[in-house]
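Enquirer: I am attaching a structure below and will ask some questions about it afterwards.
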Amino acid sequence: MKLLRTPDDRFTDLTDFPYDPHYVDLSDGVRVAYVEAGEGPPVLLLHGEPSWSYLYRTMIPVLAAAGFRAIAPDLVGFGRSDKPVSTGDHSYERHVGWMRELAFDVLDLHDVTLVGQDWGGLIGLRLVAENADRFAAVVAANTGLPTGDTRMPDVWWSFREAVEKAPVLDIGRFVQSGCRTKLAPEVLAAYNAPFPNETYKSGPRAMPGLVPNSPDDPASEANRAAWATLTKLDLPFLCAFSDSDPITGPMSPILQRVMAGAAGLEHPVIADAGHFLQEDAGVALAEAVVRFRTG
Numbered sequence: 001m002k003l004l005r006t007p008d009d010r011f012t013d014l015t016d017f018p019y020d021p022h023y024v025d026l027s028d029g030v031r032v033a034y035v036e037a038g039e040g041p042p043v044l045l046l047h048g049e050p051s052w053s054y055l056y057r058t059m060i061p062v063l064a065a066a067g068f069r070a071i072a073p074d075l076v077g078f079g080r081s082d083k084p085v086s087t088g089d090h091s092y093e094r095h096v097g098w099m100r101e102l103a104f105d106v107l108d109l110h111d112v113t114l115v116g117q118d119w120g121g122l123i124g125l126r127l128v129a130e131n132a133d134r135f136a137a138v139v140a141a142n143t144g145l146p147t148g149d150t151r152m153p154d155v156w157w158s159f160r161e162a163v164e165k166a167p168v169l170d171i172g173r174f175v176q177s178g179c180r181t182k183l184a185p186e187v188l189a190a191y192n193a194p195f196p197n198e199t200y201k202s203g204p205r206a207m208p209g210l211v212p213n214s215p216d217d218p219a220s221e222a223n224r225a226a227w228a229t230l231t232k233l234d235l236p237f238l239c240a241f242s243d244s245d246p247i248t249g250p251m252s253p254i255l256q257r258v259m260a261g262a263a264g265l266e267h268p269v270i271a272d273a274g275h276f277l278q279e280d281a282g283v284a285l286a287e288a289v290v291r292f293r294t295g
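Below you can see the structure in the form of structure tokens.
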């Protein structure tokens with residue numbers, strides 16, 4: 001696997017992101033980056049397409065101040081983590097495996113609260129289903145666990161087509177399109193920072209095609225098995241979706257209905273927020289996580 005590594009000088013003077021990166025070399029030689037702050041029970045903050053741990057910059061201090069250890073990795077292909085050159089080096093199973101190795105083999109996390117958004121949920125919910133003894137609770141935020149048995153919404157297909165056909169993939173523009181608020185130039189620059197040129201963007205280009213969209217997708221069987229496990233787990237399961245996400249919004253009532261751990265909980269709706277609710281309303285989401293975990 002040929003890998004690229006974004007130069008450190010691309011990440012200087014990031015707005016509101018004072019956290020020093022930590023690096024881990026996984027067993028296959030891929031280097032993964034993460035940031036963390038605080039002491040206490042771990043909260044694993046998993047981002048999705050096409051963002052990176054910078055997305056959690058307003059949530060990390062809230063969680064740390066409330067007595068949690070906030071840990072935000074960069075998925076492989078994103079942020080400061082290594083970037084495979086070939087889109088073919090990305091697979092759903094590999095991304096689950098990379099985060100599993102980081103969280104459990106390297107960091108040895110226990111009593112974890114997962115916060116997963118977008119691909120952070122697609123990966124994180126698999127981790128929960130397959131390593132339930134490591135988790136204390138789940139927060140699903142604008143995410144799901146597709147099996148390919150149900151057609152993805154038209155807006156998702158439009159997004160996938162746009163990503164696949166764009167000669168130049170404007171990462172900042174894609175993040176902006178999923179936000180209600182207008183992002184400042186320095187914030188857009190931070191989302192573009194991990195990708196000096198198109199050769200670094202195999203992750204953002206590959207991820208839409210890895211979402212199961214047919215019943216015989218390579219990840220469909222594993223995701224069906226995860227659903228079967230998750231619906232029976234008694235782990236507290238909070239749905240904290242935004243009010244303005246046409247892609248994942250329909251998943252919230254489904255998760256609330258079928259997840260055993262969701263019963264009897266008050267599931268917040270994060271107001272005035274789009275797909276990237278951490279960007280639009282990160283403090284509100286972090287406060288919802290704190291209320292959920294502290295009672």
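In UniProt numbering, the protein residues as written are 1 to 295. Here a beta-carbon is modelled for each residue, glycine too, at the ideal position from N, C-alpha and C. As the structure is a prediction and not an experimental result, all values here were calculated from the model.
Is the separation between the beta-carbon of Met-207 and that of Leu-230 shorter than 8 Å?
Expert: Position 207 of the sequence shown, counted from the start, is the residue given in the question as residue 207. Position 230 of the sequence shown, counted from the start, is the residue given in the question as residue 230. Cβ atoms of Met-207 and Leu-230: not closer than 8 Å.
Enquirer: In the DSSP assignment, find the alpha helix (DSSP H) that holds Arg-293 and state where it starts and stops.
Expert: Working through the sequence shown from its first residue, we reach residue 293 at position 293. Residues 277 to 294.
Enquirer: DSSP on Thr-229, reduced to helix/strand/coil?
Expert: For the purposes of this step, residue 229 is taken as residue 229 along the sequence shown, with counting starting at 1. The answer is helix: DSSP assigns Thr-229 an H, G or I state.
Enquirer: Let me make sure I understand the geometry here. Which of Met-1, Phe-159 and Leu-109 has the alpha-carbon closest to that of Asp-82?
Expert: On the sequence shown, residue 82 is found 82 positions in, with the first residue counted as 1. With distances taken between Cα atoms, Asp-82 lies closest to Met-1.
Enquirer: Just to confirm before moving on: does the CB-CB distance between Trp-156 and Ile-247 stay below 8 Å?
Expert: Taking the first residue of the sequence shown as position 1, residue 156 is located at position 156. Taking the first residue of the sequence shown as position 1, residue 247 is located at position 247. Contact flag set, yes.
Enquirer: At 4 residues or longer, what runs of the alpha helix (DSSP H) sit wholly inside the segment 131 to 201?
Expert: Here the runs fully enclosed are 154 to 165, 171 to 177 and 185 to 192.
Enquirer: Based on the DSSP secondary-structure assignment, which residues constitute the bridge partners of Asp-25?
Expert: Within the sequence shown, the letter at position 25 stands for residue 25. Answer is Arg-31.
Enquirer: DSSP three-state call for Leu-235: helix, strand or coil?
Expert: Walking along the sequence shown from the start, residue 235 turns up at place 235. Three-state DSSP puts Leu-235 in coil, outside helix and strand.
Enquirer: In chain order, what residues of the same chain have a beta carbon less than 7 Å from the beta carbon of Val-187, not counting five sequence neighbours either side?
Expert: Counted from its first residue, the sequence shown places residue 187 at position 187. The residues are Thr-15.
Enquirer: If you drop the 5 nearest sequence neighbours on each side, which residues of the same chain put their C-beta closer than 6 Å to that of Tyr-54?
Expert: On the sequence shown, position 54 is the one that residue 54 refers to. Same-chain partners within the cutoff: Phe-17 and Ala-190.
Enquirer: Near Ser-27, which residues of its chain fall below 7 Å by C-beta distance, leaving aside the five closest residues on each side in sequence?
Expert: Taking the first residue of the sequence shown as 1, we reach residue 27 at position 27. Cβ within range, chain order: Glu-101.
Enquirer: Which same chain residues, not among the five before or five after Leu-109, have their C-beta less than 8 Å away from its C-beta?
Expert: Your numbering for residue 109 matches position 109 in the sequence shown. The residues are Pro-42, Leu-44, Ile-71, Ala-103 and Arg-134.
Enquirer: Use the C-beta contact count for Gly-203: other C-beta atoms within 10 angstroms, 16 or more gives buried, fewer gives exposed.
Expert: As a first step, residue 203 is located in the sequence shown; it is residue number 203 there, counting from the start. Buried, because 16 or more other Cβ atoms sit within 10 Å of the Cβ of Gly-203.
Enquirer: Would you call the segment 265 to 273 and the segment 232 to 242 touching, i.e. three or more CB-CB distances under 8 Å?
Expert: Yes, the segment 265 to 273 is in contact with the segment 232 to 242.
Enquirer: Rounded to whole angstroms, what is the Cα-Cα separation between Arg-31 and Leu-265?
Expert: Start at 1 with the first residue of the sequence shown, and residue 31 comes out as number 31. Start at 1 with the first residue of the sequence shown, and residue 265 comes out as number 265. Straight-line Cα distance between these residues: approximately 38 Å.
Enquirer: Determine the burial state of Tyr-23: buried for a count of at least 16 other Cβ atoms within 10 Å of its Cβ, exposed for fewer.
Expert: Stepping through the sequence shown from its first residue, residue 23 is reached at position 23. Label assigned to Tyr-23: exposed.
Enquirer: Assuming contact is defined by CB atoms lying nearer than 8 Å, are Trp-52 and Gly-88 in contact in what I supplied?
Expert: The count along the sequence shown starts at 1 and reaches residue 52 at position 52. The count along the sequence shown starts at 1 and reaches residue 88 at position 88. For Trp-52 and Gly-88, no; Cβs fall outside 8 Å.
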